[in-house]
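Number of protein chains: 2
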Amino acid sequence: MDTITIKDIARALNLSTSTVSRALRDSHEIKPETKRLVTEYAERLDYRPNPIALSLKENRSRVIGVIVPQIANNFFSQAINGIEAVAYSRGYHVIIFQSHESYEREQLTINQAVARKADGLLISLSSNTSDVAYLKSLQDKKLPIVLFDRVSKDLDGPCVTADNFGGAFAATEQLIQAGRRRIAHLTLPSYISITQERLSGYRSALEKHGIAYDESLVRYAGFGQDAVEPIIDDLLEQSPDAFFVASDRLAIGCLSALRKLGIAIPQSIALIGFTNITVADLLAPSMSTVVQPASEMGQIAAEQLINLIEGKQHLVKAETIILPTRMIVRESSAHQPG
Amino acid sequence: MDTITIKDIARALNLSTSTVSRALRDSHEIKPETKRLVTEYAERLDYRPNPIALSLKENRSRVIGVIVPQIANNFFSQAINGIEAVAYSRGYHVIIFQSHESYEREQLTINQAVARKADGLLISLSSNTSDVAYLKSLQDKKLPIVLFDRVSKDLDGPCVTADNFGGAFAATEQLIQAGRRRIAHLTLPSYISITQERLSGYRSALEKHGIAYDESLVRYAGFGQDAVEPIIDDLLEQSPDAFFVASDRLAIGCLSALRKLGIAIPQSIALIGFTNITVADLLAPSMSTVVQPASEMGQIAAEQLINLIEGKQHLVKAETIILPTRMIVRESSAHQPG
DNA sequence: TTGTAGGCGTTATCAT
DNA sequence: ATGATAACGCCTACAA
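Which chain is which? The protein sequence lines are A and S, in order.
For the first sequence, this note's numbering begins at 1 and goes up steadily by one.
For the second sequence, this note's numbering begins at 1001 and goes up steadily by one.
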């Protein structure tokens, strides 16, 4: 891939590189005639300034590093969608890194992003990350960082999350109002913020309705490929009359397990996190669904980060931004309790 | 983000930058003592070579540009997964671009990737791309390009695809063997290669079993948000006795539409493209599924590209690599014809 | 209005 | 064994 540079143009037109550079940047101190000559020639040769040279000079890359647990996940791929839309519109490129839910790999990939001179980082923490000292040290070195979705209260600086508390509260209350009392909660690993917020919303809803919190109804499921079936089997020994499930994958596993066992559970499943409504409709028409604003979250996080990068601190909302979730209550769910 | 450079080290240790550079690269012509001094100091200050400066010097970015129609799509996000695994292991980074199924945006993003000095491009064509002259001109400029999944026969060079013909053939034959004769085919836009290959497999299977090809049983659906329901309604007027559907999204739309109409269609749906088997099981237990090797496709495409970039032409498989698909035949599908 | 020179961080070449 | 210098492509302060 042989490229044409400012030098080539200068040589061809018998000008100095600085004149060409200025002409291309439309400087006022260049004679219109010369400008025309240069721009026309550049156009004809399809000249593109070398962004790498620029980066070196300006000491910035115009690249945003995004670190997510996994790409092949509806929520994150939609969030990335939102991030890209904003980033590109503001002249940044996006490099995506996966932590694969591992603290070690998260460190490594963040290191990579830093080494690659990303201008800022957008991070959703892995489920095995409890120590954010490393991120703190990067912040101290003035690297702009915005956390989204899976955040940490141990880290200062802007965060963007969904209203996990509110969403979980609403979903749980929905089940209670349908007459359920022993609502099992199948959720993600306990480290991550969203798990804690959702658990908290679940407990608050129980409390509001005078239902005692029963720890034996709560199960944490890892990510890997660990099957959901045994967990459901185990939960069933506590004779729950409903399930509040904390992710798409878990919900599908839960439905699958229950179907295998021949257990019909009309109106007794609620879910937070589903992003494909048609699938949800087909899978379980009576299941209430709390939808997270994935793409919007990405957009807002990206905006915050870019404002930070560009020093527009005043445009950065202090600390945590909480985005509303949207609950979809299924018809049948309201009508046929029992 | 203040960074430490080779210069800082040189100054601190009273050495020249060249000595430091050589020491860090473990050159034999540096005294062990000096080496130790330098590496220790570098370690302590957490020195990282600036990849941008290196890129400028070596005239390459170690970045691979990936252009896909959309990220938020199971198939592509899994393919990207495979691409990243290979790319990172070989020292490349990946920048992802979306064409959003638009020819114009595809051109723009490819331009971006080129301007950003990507060392090579991995492309899955948008559904509106029929003219690949632009890509050809890039190839002529010696830019390594590998197409995957949605390829073009108008472009020379390596391609990686799934065995769409074979998969479609098998799926169609499966329906025929279950006693179906009027098999509708709901598929993607007609431009893209996978549509043509699948149509061809479908037709071959019909032909083999002496069933006349009936154009009125075939429908092309765009991507956008165009509802599948009206298409199904329309198709039903041709009184099909089975459906062979060409993507996850279309399959879900198809199932949803049929359910709304109260039409039960045991053993009469086959699908190519599904990536989440559990969901498929739950949605339609009798549906046969042809699974595409998404991640593997990404891996192989990335390998090919990197070999091209690094001049290992002899390691690049000539022209098209076709990966086998995997068909999952559901129990019920085989037993209860009719 | 245009040209010259220096620097961004690194490495390769050519001294010493 | 180490240092000085030039070069990658671009921009800009300073000169002319």
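Ideal Cβ positions, reconstructed from N, Cα and C, are used throughout, including at glycine.
- With fewer than 16 other CB atoms across the displayed protein chains lying within 10 angstroms of its CB, Ser1239/S is exposed.
- Of Ala205/A, Gln292/A, Leu188/A, the smallest CA-CA separation from Leu250/A is found for Leu188/A.
- In this structure, Ser99/A lies near Ser126/A, with their beta-carbon atoms less than 7 Å apart.
- By the CB criterion at 7 Å, Val1094/S and Ala1087/S fall inside the cutoff.
- Going by C-alpha positions, Glu1033/S is about 22 Å away from Ile1004/S.
- Given a length threshold of 4 residues, each whole run of the alpha helix (DSSP H) inside the region 42-105 of chain A is given here in chain order: 51-58, 74-89.
- Chain A places a beta carbon closer than 7 Å to that of Asn1081/S, counting this residue as a contact.
- The beta strand (DSSP E) runs lying completely inside the region 152-192 of chain A and spanning 3 residues or more are 159-162, 183-187, given in chain order.
- A Cβ of chain S is located within less than 7 Å of the beta carbon of Pro51/A.
- Taking 8 Å as the Cβ-Cβ cut-off, the region 128-142 of chain A approaches chain S at Lys141, Lys142, given in chain order.
- Collapsing the DSSP output to three states places Ile309/A in a helix.
- In the three-state reduction of the DSSP assignment, Ile1252/S falls in the helix class, which pools H, G and I.
- At least one beta carbon of chain S lies nearer than 7 Å to the beta carbon of Leu56/A.
- In terms of CA proximity to Ala270/A, Thr289/A leads the group Leu255/A, Pro285/A, Thr289/A.
- At least one CB atom of chain A sits nearer than 7 Å to the CB of Val1279/S.
- Distance between Gly1273/S and Asp1149/S, taken at the CA atoms: about 11 Å.
- Only His93, Val94, Ile95, Ile96, Phe97, Gln98 from the region 89-104 of chain A bring a Cβ to less than 9 Å from some Cβ of chain S.
- Of all residues in the region 245-256 of chain A, only Ile252, Gly253, Leu255, Ser256 come within less than 8 Å of chain S when Cβ atoms are compared, listed by chain position.
- Chain order gives the chain A residues near Asp1002/S as Lys141, Lys142, where near means a beta carbon separation below 8 Å.
- In this structure, the beta-carbon distance from Leu1122/S to Leu1305/S falls below 7 Å.
- Taking C-beta atoms as the reference points, Ser16/A and Ala10/A count as a pair closer than 7 Å.
- Annotation: the continuous alpha helix (DSSP H) that includes Leu1024/S extends over 1017-1024.
- For chain A, none of the residues of the region 1026-1039 of chain S brings a beta carbon within less than 7 Å of one of its beta carbons.
- Only residues of its own chain outside the window of five on either side were considered, and among them Thr3, Thr5 have a CB closer than 8 Å to the CB of Asn50/A, listed in chain order.
- When C-beta atoms of the region 59-73 of chain A are compared with those of the region 103-120 of chain A, three or more pairs fall below 8 Å, so the two segments count as touching.
- Ile1071/S and Ser77/A have their C-alpha atoms some 6 Å from each other.
- Residue nearest to Val245/A within the set Phe223/A, Asn307/A, Val151/A, Arg198/A is Arg198/A (criterion: CA-CA distance).
- Pairing Gln196/A with Ser190/A, the inter-Cα distance amounts to about 7 Å.
- Note on geometry: alpha-carbon atoms of Leu315/A and Ser1018/S lie some 44 Å from one another.
- Membership of Ser1137/S in the alpha helix (DSSP H) is indicated by the continuous run 1133-1140.
- Looking at Thr1161/S, Ala1302/S, Asp1163/S, the one whose alpha-carbon comes closest to that of Gly1082/S is Ala1302/S.
- Between the beta-carbon of Leu1217/S and that of Arg1182/S there is about 7 Å, and that keeps the pair under the 8 Å contact cut.
- 7 Å or more divides the Cβ of Leu175/A from the Cβ of Ala264/A.
- Looking at Glu1207/S, Gln1107/S, Gly1167/S, the one whose alpha-carbon comes closest to that of Leu1138/S is Gln1107/S.
- Residue environment for Gly1065/S: buried (at least 16 other C-beta atoms within 10 angstroms of its C-beta).
- Excluding its 5 nearest sequence neighbours in each direction, Tyr213/A has C-beta neighbours in its own chain below 8 Å: Arg203, Leu206, Glu207, listed in chain order.
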